[in-house]
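Colleague: Quick note on my numbering: the sequence shown kicks off at 7 and runs consecutively. Please find one structure pasted underneath; my questions will follow.
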Amino acid sequence: MSWMDDLYVIYQKLDANRCDEVKNNILKAQIDGCARGKAYFLVLQQLVHIKTGKAPVYELIKGEIESFIHHSREQYLN
7 MSWMDDLYVI YQKLDANRCD EVKNNILKAQ IDGCARGKAY FLVLQQLVHI KTGKAPVYEL
67 IKGEIESFIH HSREQYLN
């Protein structure tokens, strides 16, 4: 699974649970990042923020966040 697949599932879960503000923040980071060639890192920053500061939302999308973070270890840290 790619990080874009994880992001798609995250958006679906956030929509289903009416977490519009969180979704919009991630989406904004993705769009801003596409314009600057840094989409993955800006989205990752938002997801880490959720992990550390929004426990209920984190629990909802924990698996996808951890998978998303794992992609950075595979692609950028090796």
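For each residue, glycine too, the CB sits at the ideal point set by N, CA and C. Treat the numbers as computed from the prediction; the structure is a model and nothing was measured.
Taking the CB atoms as reference points, tell me whether Ile16 and Ile32 lie closer together than 8 Å.
Modeller: yes
Colleague: For Ser73, which residues of its own chain have a beta-carbon under 6 Å away from its beta-carbon, when the five flanking residues on both sides are left out?
Modeller: Asp12
Colleague: Could you check the C-alpha separation between Leu66 and Gly39 for me, to the nearest Å?
Modeller: Going by the C-alpha atoms only, they are around 24 Å apart.
Colleague: Gly59 lies in the alpha helix (DSSP H); which residues open and close that run?
Modeller: From DSSP, the alpha helix (DSSP H) with Gly59 extends over Ala45 to Gly59.
Colleague: Using the Cβ count rule (16 or more neighbours within 10 Å means buried), how would you classify Val28?
Modeller: buried
Colleague: Let me confirm a value: Gln51 is counted as buried when at least 16 other C-beta atoms fall within 10 Å, else exposed. Which label applies?
Modeller: By the neighbour-count definition (other C-beta atoms within 10 Å, threshold 16), Gln51 is an exposed residue.
Colleague: To test your reading of the DSSP string, which unbroken alpha helix (DSSP H) runs of 4 or more residues are found completely within the stretch 19-46?
Modeller: 26-42
Colleague: By the 10 Å Cβ neighbour count, where 16 or more other Cβ atoms means buried, how is Asn84 classified, buried or exposed?
Modeller: Note that Asn84 scores a pLDDT of 48, beneath 50, so its modelled location is shaky; the value from the coordinates is reported in the next line. Asn84 comes out exposed.
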